[in-house]
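Asks:
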Amino acid sequence: MHCTRKVLDDLVWVGADDRRLVCFEGVYGVPNGVSYNSYLLLDEKTVLFDTVDKAVSQTFFENISYALNGRTLDYLVITHMEPDHAATVQELALHYPGVKLICNAKIKTMLAQYFDMNLEESEIVVKEGDTISFGRHEVSFVMAPMVHWPEVMMAYDKTDGVLFSADAFGTFGALNGRLFADETDFFTEDLDEARRYYTNIVGKYGPQVQAALKKVSALDIKLVCPLHGFVWRRDFDKYLEKYMLWSSYAPEEKGVMLAYASVYGHTENAANIMAKLLVERGVRVRMYDTSVTPASYIVSDAFRCSHLIFASTTYNAGVFVTMENLLRDIAAHNLQGRKVAILENGSWAPTSGKLMREILAPLKNTEFIGENITVRSSVKEGQLAEMEAVADAIAADIK
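Under my numbering, the residues of the sequence shown are numbered 1 to 399, in order.
Structure representation (structure tokens):
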């Protein structure tokens, strides 16, 4: 039985939700599931925009069959070759033998890499600005390399102002019967998962996202159809503002993200003292235990907040493993322009602070606040003045 929804009278969502997936890409927890979006245009020619992950292929093919209502599929537009969107391309070509695959040169190369079936005779290769007419609808193509793979492109339906945006503007979470962002209180209920999606999936490539946004801003957009999450038919400008912030690495709010790694509770206590000192000075603190909270949530709030504090015990003469993993993840995502304070602990040879600095120092426009605060086993009264000085500096900077 089909489960489709109309986007417009002649544009149908034929994707599917996956609520059984535990880790997206084997890394990012998705407790609320994820959607795989695909869209079918019913013009003089029928045009499918992207396929789905193999996990939901049965639902996908049932949806396409219902939406086609006896018609054949003429074209498949492939905007992104990541398998959560392209795993079923070959199966689709077997279902609809005459289908033409619209792709760019890099997608063409990847098709040959992923599939053994010879698809070359059915491929139509497009480049930036090319336009194809399918009847009433004229669709042009916008290259968006490294948002977030090198082959990515967007498709823009000039007729109805619909942008098929590939992985841009997506979000974690199943749709749960909804399709449009205005069918939920998005900026209250879903923005955190949208931010976590952007920062972890696309966040490394801010300059490339900015370049794509510049192209997109020149288009007359009435609808945005991403490959994950909600379709935007109103208030997209508010979401676009978030993308402009995130991709420029500008903090979304003035406040502190404090992450700590503690074994026996002494470093945790030092982090709690620091959080208390900040809150007493009117500073908002978002606090995480790196051994409990998955890194993707902490990375998301590192992008969100203007100031960061990292506190870690020394472990095997290095940084405690969960903190080191987090810091390398933040560095890999190219976060920039943050002010950072470091707190280290060590009973006989505290070295974690120096090593944490070394991981973060190469990040562009990173500014460290004071010297490392060093705790030897547990915080002593004499160290409170040092911690208060850091709290004062952060509070003054924020205010």
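Glycine included, C-beta positions come from ideal geometry on N, C-alpha and C.
Note that the coordinates shown come from a computational prediction; the quantities given were computed from them, not determined experimentally.
Going straight from the alpha carbon of residue 394 to that of residue 367, what length do you get?
Replies: So the alpha carbons of these two residues sit roughly 12 Å apart.
Asks: Any idea what DSSP makes of residue 364, helix, strand or coil?
Replies: DSSP places residue 364 in coil when its eight states are reduced to three.
Asks: In chain order, what are the residue ranges of uninterrupted alpha helix (DSSP H) at least 4 long that sit wholly in the segment 220-262?
Replies: 236-248, all fully within the segment 220-262.
Asks: For the segment 293-303 and the segment 321-330, state whether three or more C-beta atom pairs, one from each stretch, are separated by less than 8 Å.
Replies: Verdict: yes, contact present.
Asks: DSSP three-state call for residue 416: helix, strand or coil?
Replies: There is no way to answer for residue 416, as the model of the chain reaches only from 1 to 399.
Asks: What runs of the alpha helix (DSSP H), each 4 residues or longer, lie entirely inside the segment 315-353?
Replies: The qualifying runs are 321-332.
Asks: In or out: residue 251 buried (at least 16 other Cβ within 10 Å) or exposed?
Replies: It counts as buried.
Asks: Taking Cβ to Cβ, would you say residue 281 is nearer than 8 Å to residue 306?
Replies: No, the pair does not count as a contact, with Cβ atoms beyond the cut-off.
Asks: Give every residue of the same chain whose Cβ lies closer than 6 Å to the Cβ of residue 42, excluding the five residues on either side of it in the sequence, and list them in chain order.
Replies: Only 10 meet the Cβ criterion.
Asks: With a 10 Å radius around its C-beta and 16 neighbouring C-beta atoms as the bar for buried, classify residue 137 as buried or exposed.
Replies: Classification of residue 137: buried, given that the 10 Å Cβ count is 16 or more.
Asks: Sort out for me which residues DSSP pairs residue 36 with in a bridge.
Replies: Bridge partners of residue 36: 16.
Asks: Return yes when the Cβ of residue 66 is within less than 8 Å of the Cβ of residue 48, no when it is not.
Replies: For residue 48 and residue 66, no; Cβs fall outside 8 Å.
Asks: Drop a sphere of 10 angstroms on the beta-carbon of residue 94, count the other beta-carbons inside from all chains shown, and report buried for 16 or more, exposed for fewer.
Replies: Answer is exposed; the Cβ neighbour count stays below 16.
Asks: Do residue 224 and residue 165 have their beta-carbon atoms positioned less than 8 Å apart in this structure?
Replies: Their beta carbons are under 8 Å apart, which means residue 165 touches residue 224 by this criterion.
Asks: Exposed or buried, which one is residue 12 when buried takes at least 16 other CB atoms within 10 Å?
Replies: Residue 12 comes out buried.
Asks: Give me whichever residues DSSP pairs with residue 313 in a beta bridge.
Replies: 345, per the DSSP bridge assignment.
Asks: So, using beta-carbon positions, are residue 314 and residue 344 closer together than 8 Å?
Replies: Their beta carbons are under 8 Å apart, which means residue 314 touches residue 344 by this criterion.
Asks: Tell whether a beta-carbon distance below 8 Å holds between residue 141 and residue 153.
Replies: Yes. Within cutoff.
Asks: Please report the distance separating the alpha-carbon of residue 391 from that of residue 316.
Replies: Using only the alpha carbons, I get a separation of about 29 Å.
Asks: What residues in its chain sit with their C-beta under 6 Å from that of residue 375, if we drop five residues either side in the sequence?
Replies: Hits under 6 Å: 270, 345.
Asks: Please return the same chain residues whose Cβ sits closer than 7 Å to the Cβ of residue 150, not counting the five positions on each side in sequence.
Replies: Around residue 150: 106.
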